[in-house]
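Written out below as structure tokens is the structure these notes cover.
If you want it as structure tokens, here you go:
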């Protein structure tokens, strides 16, 4: 997900020295990039998608060094597929036609990839991490389940092996569904258009006063 903010022809719009024009355009475009980035971040947070996803929005102004009447702003997300999904509203299905595994709170928030970094938790990764096996439970109505037998919920609410001889229970670790529909929760296009309309004003703010 990327946006370019276009600037007007400032040579015609402003009368003054070349240096004044370059400074005003570059500063104005920097303000525009910062404003658009912040507005997009605020939209993500207001939609309930969290601070972490909001911080994937980044902004940059060209040239990175110096000033130019051709200055341009570039705003993008480091999580374009996720941002696009919540901006358009999409239906997600398994690429291989199988179930989508949705972790419950008992599964934990994150898994660990081969490099040790945090990654999306999966049934296989959960089994490797905990040493416990998951059992498939088919349900005709509602989502099917992956459960851990002879387990318990620890003090953090996570499924853990129960080594005691009593108090064994079955803990639901994953919900299995054929597809998930994400409703539209972002309004990126309207935010970008609103910020683009402010560009001439932002540039004019940096024009030297006599």
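Numbering (my numbering), first residue to last: 28 to 237.
Beta carbons: idealized from backbone N, C-alpha and C, even for Gly.
Note that the structure is a prediction, hence the values are computed from the model and not measured.
With respect to the 9 Å criterion, residue 213 and residue 61 are not classified as neighbours on the basis of their beta carbons. The secondary-structure analysis by DSSP pairs residue 198 across a beta bridge with 175. Under the Cβ criterion (8 Å, minimum of three pairs), the segment 50 to 57 counts as touching the segment 218 to 236.
Put simply, the segment 85 to 102 does not touch the segment 123 to 132. Fewer than three CB pairs are less than 8 Å apart. Take the alpha-carbon of residue 170 and the one of residue 104: they are about 33 Å apart. At a Cβ-Cβ threshold of 9 Å, residue 223 and residue 67 do not count as neighbours.
Ranked by how close their Cα comes to the Cα of residue 51, the residues 86, 98, 183 and 184 have 98 in first place. Beta-carbon to beta-carbon, residue 172 and residue 113 are separated by about 27 Å, too far to satisfy the 8 Å threshold. Closest in alpha carbon position to residue 215, among 65, 48, 45 and 49, is 65.
Take residue 116, set aside five residues on each side of it, and the residues of its chain with a beta-carbon closer than 7 Å to its own are 209, 210 and 211, in chain order. Each of 48, 168 and 96 was checked against the Cα of residue 203, and the nearest Cα belongs to 168. Residue 130 carries a strand assignment under DSSP once its states are collapsed to helix, strand and coil. Spatial neighbours of residue 197 in its own chain (CB-CB distance under 6 Å, excluding positions within 5 residues in sequence) are listed in chain order as 174 and 176. Per DSSP, the continuous alpha helix (DSSP H) segment holding residue 59 begins and ends at 45 to 73.
About 19 Å separates the beta carbons of residue 86 and residue 73, which is beyond the 8 Å limit, so they are not a contact pair. Between the alpha carbons of residue 106 and residue 183 lies a distance of about 29 Å. Classified as exposed, residue 125 has fewer than 16 neighbouring CB atoms from the shown chains inside 10 Å of its CB.
Cβ neighbours of residue 161 within its own chain (closer than 8 Å, five residues either side excluded): 150, 153, 154, 173, 174, 175, 200 and 201. Note that the C-beta distance between residue 83 and residue 110 is below 9 Å. Residue state for residue 113 is assigned as helix, using DSSP reduced to three classes.
Straight-line spacing of the CA atoms in residue 81 and residue 102 works out to 13 Å.
Taking residue 147 as reference, the option from 206, 128, 163 and 186 with the minimal CA-CA separation is 128.
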